[in-house]
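Protein chains in written order, with my numbering: chain H, 292 to 813; chain L, 336 to 436; chain S, 92 to 269; chain Z, 86 to 614; chain D, 405 to 766.
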Amino acid sequence: MNPDANLAIILPEIVVAVFGTIVMLYDCFVPNSRKTTAAVSIFGLLLAAIALFWLWLFAGQSVPVSAWNGMIVTDSLRLSFSISFLIITAVTILVSAVWVEREDVPAGEYYSLLLFATVGMLLMASGNDLVIIFLGLETLSLSTYVMAGLRKTDLRSNEAAMKYFILGSFASAFLLYGMALVYGATGSTNISEIAIKVANANFPALLLIGGAMMLVGFGFKIACVPFHIWTPDVYEGAPTPITGFMAAGPKAAAFASFMRVFVLGFPLINGVQVSAFLHDSWITALSIMAILTMTFGNVAAIVQNNVKRMLAYSSIAHAGYAMVGFVAAGMAKTADKREEIIAAVAFYMLAYAITNLGAFAIVTLIAEKNDRRTEFDDYNGIGFRSPLLSFSLSIFMLSLLGLPLTAGFISKVLVFQPAFEAGSPLLVFLVVVAVVNTAISAYYYLRLIVVMFFRERVTEWENPKIPYSLATVLVFAVLGVFYLGIFSDGVIRLFKSSPSAFQLRVSEPSVQPSIDMTKAER
Amino acid sequence: MEPTLASYLALSGILFTIGAVGVIFKRNAIGMFMCIELMLNAVNITFVGFSRFYNDATGQLFVFMVMSVAAAEAAIGLGIIIAFFRNRISVDVDDASILKN
Amino acid sequence: MITTLLFFLFAGFAIACAGLMVYHKNPLYSAISLIGVFIALACIYMLLAAPFIAAVQVLVYAGAIMVLVIFVIMLLNLEEDKPLTRLRHLYLIGSILGLVLLAQTLFIFYAVKKSPQSAQEQADAGLTLNIGRAMFTEYLLPVEIAGVLLLMAIVGAMVLSRRLKETRLDIAQKEKRR
Amino acid sequence: MKENLLTILILLPVVGAIALLGHHLFWKRESHLKWISLGFVSLEFLVSLLLLSDAKPSANGFYFEKNLRWIEAIGANYHIGVDGLSLWLVLLTTFIMPITIVSTWHAIEKRHAAFYVFLLLLESAMIGTFVSLDLLLFYLFFEASLVPMFFLIGVWGSDNRIYSAVKFFIYTALGSLLMLAAILALYFIHADATGIRTFDYVTILNSMRLGNLVLTAQTGALLFWAFAIAFSIKVPLFPVHTWLPDAHTDAPTAGSVILAAILLKMGTYGLMRFNFMLFPEASREYAYVFIILALIGITYGALVAMVQPDMKRLVAYSSVAHMGFVVLGMFSFTEQGMQGALYQMLNHGVSTGALFLLVGFIYERRHTRLISEFGGLANVMPVYATIFVITAMSSIGLPFLNGFVGEFLIMLGMWQSAAVAHPWITTMIAGTGVIFAAVYLLWMIQRVFFGKVTNPENEKLLDLNWREVGLIAPLVFLMVFMGVYPSPFLNRSKEAVVSIQQRVIGGEKGGAIADFIKSEEVISQLENR
Amino acid sequence: MEEIVKTLFPLIVYFTAIFLAFNGVLIIVAYTVLAERKILGWIQGRIGPNRVGPWGLLQPFADLLKFIFKEDIAPDKSTKFVYFLAPLVALICALMPIVVYPFGPPIKTIDWSFLPYGLGEGIRQLPLVIADFDVALLYVLSVTSVGVYGIALAGWASNSKYSLMGGLRSSAQMISYELAMGASVLGVVMMAGSLSLTKIIEAQTRYPTRWFIIPQFIGFIVFLIAAFAETNRVPFDLPEAETELVAGFHTEYSALKFALFFMAEYVNMFTVSVMCSTLFLGGWYVPGLSRIFEYGSIPYAIVSHIAFLLKIFFFLFLYIWVRGTLPRFRFDQLMSFGWKFLLPVAIGNLVFTTIMVYLGIF
């Protein structure tokens, strides 16, 4: 058997992993050089982004569409999600620059963990094999567990890490069981092969149960109701920059592989009863989960008094909105349509990520040491005392709410539109629920604005100094929110432009492997 | 009556159930962690069972990966538990309740 | 015949140990029971013609992970679990989950049992040679990723266990707790 | 220049806002801010006057049209243009804004930069709303106007501002979400029927005219209601009007003026532009509902206004009544009625805007708006009293003042209307509304201005200064001008109003050959893209 | 009947073989103890035990009897079950690897097909190994790694500070050195291309330098050091450092349970020696022997077996010798030695071997 090795196709992953190691080693030999390590990490991410764009340009030409025996693919799902991951990590690094300084966090290890987490996310998007997805997921989760508990002397952080660890591993076990059963039912772990085998599975019943178990596992990771119980506690307890990262990155990554497994792996094959039943079941389950997620997330967010907790519930709600797109992708009739909806979901996650990271950047700055100030009351009347911070935060809130001109609006339209278009009553109902929920969400997003601008501050307030790194993040996020909100066309077209591995057969021999390891094998 | 694939899967399912229930019943973090390890092991039986069934190395390779992951998880999980213990002098999950309304 | 006997022996042992693990309130007893499960499972793997996995199972789970767990239990000198008090509803959730999973197991059992498929006669996939070959050809990438994962775990474990300089605030908090 | 004129109008305030921010960040001279913003809005007004220049309408019947691709993926375009309907509303906006800015000269005590930035952004959003010819773009501006207003009320408002601001936001946002759903639905129905995925209003309209897109009665009704509810909240029509008095009362004077003069027009504008044009059948079918609601609004608004102790609240309720008139006129589906409605929109902008300004003047002096606090003001502030009376008369609809023309046209239209079974009854009821208006306004004037000065605090009040007089003078001039010489306004809008009226009564089919050719062109253009 | 015989026959054969092997090992172990005392005596200028039997030859049995008849004490607050379990675990884990060691070359025998029910079908060879296992080496490593529980649990169950410290130390030490041990073994595995011990010995018979000790000298040294640590012997006997921890993990143990620990330690020494000679010194293989005796004949087997035992005794002697001469490490020295020196060296050796194997030199 040939390893079908192709280093070019995993170049972004390799670059990030190598830079993770470099950062770690650099910190070993030159300790306490926080700024340099941050800069090196960002440089690495930049290189990875270049590699990714290179893949984008040449995927299907000089870079094969799939390699490593079909374990890695370059399709729109992978590429569009991957670029979000790189952005998320880069922004997180910039956000944490302040925090690392403040909390005396071991910078080298922290950044390298972040980079390894990114490797995991990238793999989750690019993996076309359950093994790769599982390993990517674990790489991501394990590093996130550590990062959640990074403030070791703080009880809340410890507690968050422990809860996250226990529940996350619990979910992983379910996911793994699902994978095992799917492997058993089809005899393969490759998603493309599973998709083919679904019609003709050895044990159709196991396929269904495996799918259900995987649903539970992924459901935990994207924090949808009823598997969301860990989210608020963990988000509140984890250090703020990490919370931002968790709400943006791992969630998007889980969405990427969730969608790959379900949308691409369990497709509807005409005339095959098993496939139809399976497809129906997961669509129904996901729709119900989407409804619950949106509704619960928004309703629970209303009563929160802690900003981080509110953002946690809001992130649950947003997962619900994105799931609407997910369901629509599952119900898409043609491959083109499916690609389009997947691109829309990728866009949604990108828009959410940028907005959310911007918000968390501000929360980080305001929180001060040990996350002391994260209650709504702490934001009382800071509106015009720290106008830059509070206006940026308001813009992010409005984008999360989905007000026009912001990224949140376009992304919602992009996700809801195809759901509407499919015309099935279920999806229309989903969209209606989503719209109603958007209206509900206005209350708590506005509340933060109201608190900041319309209330008067009673306690003293010192305008925090905005460090350069954070200012960069804010400028980037605000511009990003508006850019995605107004000139989204380019991004959407980019997301849709990459080749679709699933239209070309994955088992096709790779075109011109650029680095041929087969010769090295004797 | 030779043990067939079904018997191995049943064993796997029972162990998985015990593990899952254990995670919920156990009150200390290490106990929970052990239950999760049990769940992973139960899954491994499924993998190996199918691997034997198809005479295909994939399942066993997967198990190998699961073991690496379990090792990594143990290292990190126990690290987290120790960090928690250092601050709280308890690994009882009931004690972990600052983060509640 | 002998396989059946051994299967039921080991399976019974595994289930019994697993039950004991959940039943015991003392973490150390649980850990010991779990080691029993692991060893029984290794034997089960032998029955499944997977000697390599069996050996690695003992080596990794029993030899490394559980040693670490026992080490931690000893280090922290854990006491017995308190009985459930506050979170009584967990019993209900746990029981429901257990029942669902058991039903699922039954379902799997019957679904597979009824299926006309039969196992491959040949059983050489589990030999070290074949596993090794698969590891370095078909599954080269996952193995490499596992390497990255372990590296990350090392970094993570180090971050978690490294003692940092304590800040004044932390010391003050500790004082307060005392 | 010509085709970019509207883009310039939209972007100029944004540029102004950025300039203000830059100035604030780098120089921090608060006294400059109002001058800069005044400069920008005046420039904007001057530029907007260019709209009155003769221009040829495009194939779609719009002037200064511009159509660019915006988000290709979902078929949204940057399509803007004005016709007789929106022209006056844009001009009203640009005209009111300088006045608003001058009115705030001393009224704003805190956070000047942010205040003016919000005002400018609001102007941009309002103009954008009136000129958008793409449904998504329209929605975008429609919603975008919410945020600055939300802040204006919330930050610079009076006592109960938080409640009012949130109420305002949630009411309007809820309605517009419904509209968004309808827009999306229309988009898909259109895409299904014609295969063209577009949010473009003109394209969709043409598909409907050509019969490529036929809505079933049920769908049409659903979509109609979705749009109509959104706009009714904005207007506001009777059952959903409750946000308005709160918002008006608590908003700063500038906010109230803009709210009354312009923001409310978005609703009526939307009803005419989208509901009538896109869903004529449903509009006809449900016209009676709106007529009834409008009548209730007229009488209810007037009755409630009568008992208000607070002057601003009184004016706010009068707004409800006046907007009822506008809706009534629109739904008469006669040319006079609709022209009258449009004219009444402008009148309301001018008169009620002026009333809010006047209330604002007295509030700046006394920091109270309670009618009971005043009495005999005519003795101390004769100029103020005169202007107030003229404005009130205009609002009541006295002949030779603008209100008369609008209300007369509306009632005339209503009298001939075929929309309801007995139009004379409705007209009669509407007529009583005019009488009520006279009652509550005159009663207020009597209590506030005439008699002896009862409250000693009022004795030393200063009369209007030159700035204030200069501020109110253009408005008073307009009231008179529009009252005696309405034809320039009506002529400009006639073509657009007639086409809407023809569409809504279903009369355009016969003479639609020209339209047909035009739309053929449009569709082929779209397909060639 | 046929069914039952067919089922039982292999079991009987295996159990007999295992019984014989265990007893043999235990006897060897008993005399290793005696030898240790004697040799230590000589090194320190003493005589050593010489009262029981000629030259003290019956001393081990006397000791055993003493252990059996001593009072069996369990500390008051100890965890009884674990306290009893621990020595058993230790001894069983020490004994278990024995079944996979080939202790001689296969012997050609008569055709056994005359046995009823086809029990002896096709058997013409008697392999001198109880279980020829595909992953024998991994099996040995894994069973050894389980052995740590005996010590760790004993330390914990005794409910004594010294014991606990001993147990903790020993767990840490064993985990640390296991890595180096595994890494050093991999060089051999790579060269032999198999994890099966029979195959490894076979590979050595074909290898130009005959024994792997020459190409894998670094690996051998690392293995040896790690083996010392794994068996908790001097200079790595920190778990039972008398001066610090009284007797370490078995402070609270007495009588037969203590004897079990004692035996386990020596069995471990024995198995590690076997492993060392199998991996690096060719196991039973004596170069050039096939020129004198026919391969597969009984004399060949006997000579090979004796050579095998001699190699083992050499290592056992080495253990005792080191004990007599070297001082003990400090605990932190021990850990840093393991992690910072031994493991890198083992990995370096692994890389080096990889390159050599890749280039075709090894």
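Just so you know, even glycine gets a beta-carbon here, dropped at the ideal spot from N, CA and C.
Strictly under 8 Å for the Cβ-Cβ distance: is residue i near chain S by that measure?
{"i": "residue 400 (chain L)", "result": "yes"}
{"i": "residue 587 (chain D)", "result": "no"}
{"i": "residue 470 (chain H)", "result": "no"}
{"i": "residue 293 (chain H)", "result": "yes"}
Step through the CB atoms of chain H and report whether any lies within less than 8 Å of the CB of residue i.
{"i": "residue 228 (chain Z)", "result": "yes"}
{"i": "residue 209 (chain S)", "result": "no"}
{"i": "residue 228 (chain S)", "result": "yes"}
{"i": "residue 422 (chain L)", "result": "yes"}
{"i": "residue 223 (chain S)", "result": "no"}
Taking all protein chains shown into account, do 16 or more other C-beta atoms lie within 10 angstroms of the C-beta of residue i, making it buried, or fewer, making it exposed?
{"i": "residue 759 (chain D)", "result": "exposed"}
{"i": "residue 477 (chain D)", "result": "exposed"}
{"i": "residue 651 (chain H)", "result": "buried"}
{"i": "residue 470 (chain D)", "result": "exposed"}
{"i": "residue 749 (chain H)", "result": "exposed"}
{"i": "residue 374 (chain L)", "result": "buried"}
{"i": "residue 792 (chain H)", "result": "With a pLDDT of only 44 at residue 792 (chain H), under 50, the local geometry of the prediction cannot be trusted, and the value read off the model is given with reservation. That one is buried."}
{"i": "residue 525 (chain D)", "result": "exposed"}
{"i": "residue 759 (chain H)", "result": "exposed"}
{"i": "residue 468 (chain Z)", "result": "exposed"}
Which chain Z residues are close to residue i, counting only those with a beta carbon under 8 Å from its beta carbon?
{"i": "residue 729 (chain H)", "result": "262"}
If you draw a straight line from the alpha carbon of residue i to that of residue j, how long is it in whole angstroms?
{"i": "residue 671 (chain D)", "j": "residue 716 (chain D)", "result": "12 Å"}
{"i": "residue 404 (chain L)", "j": "residue 236 (chain S)", "result": "11 Å"}
{"i": "residue 409 (chain L)", "j": "residue 618 (chain H)", "result": "36 Å"}
{"i": "residue 341 (chain L)", "j": "residue 604 (chain D)", "result": "38 Å"}
So which residues of chain H does residue i contact, with C-beta pairs closer than 7 Å?
{"i": "residue 375 (chain L)", "result": "464, 467"}
Kindly list, in the order they appear in chain H, the residues whose Cβ is closer than 9 Å to that of residue i.
{"i": "residue 114 (chain Z)", "result": "Correct list: empty, because the minimum Cβ distance to chain H is about 16 Å."}
Any beta carbon from chain L within less than 8 Å of residue i's own beta carbon?
{"i": "residue 593 (chain H)", "result": "no"}
Just checking: is the beta-carbon of residue i within a distance shorter than 8 Å of some beta-carbon in chain D?
{"i": "residue 244 (chain S)", "result": "no"}
{"i": "residue 118 (chain S)", "result": "no"}
Can you pull the chain S residues whose beta carbon is under 7 Å from the beta carbon of residue i, in chain order?
{"i": "residue 407 (chain D)", "result": "92"}
{"i": "residue 410 (chain H)", "result": "239"}
Quick one: list the residues of chain S neighbouring residue i, beta-carbon separation under 9 Å, in chain order.
{"i": "residue 486 (chain D)", "result": "119, 120, 123"}
Should residue i be counted as a contact of the ligand NAP given a C-beta to heavy atom distance under 7 Å?
{"i": "residue 112 (chain Z)", "result": "In the structure on display, the ligand NAP does not appear, and there are no ligands present to speak of."}
In chain L, what lies closer than 7 Å to residue i by C-beta?
{"i": "residue 129 (chain S)", "result": "376"}
Using a Cβ-Cβ cut-off of 8 Å, state whether residue i counts as contacting chain Z.
{"i": "residue 780 (chain H)", "result": "yes"}
{"i": "residue 701 (chain H)", "result": "yes"}
Could I get the ranges of all uninterrupted alpha helix (DSSP H) runs contained in the segment 503 to 563 of chain D, with 4 residues as the minimum, in chain order? 540 to 550, 552 to 561
Length at least 4, wholly inside the segment 507 to 590 of chain Z: the alpha helix (DSSP H) runs in chain order: 508 to 534, 551 to 569, 572 to 590
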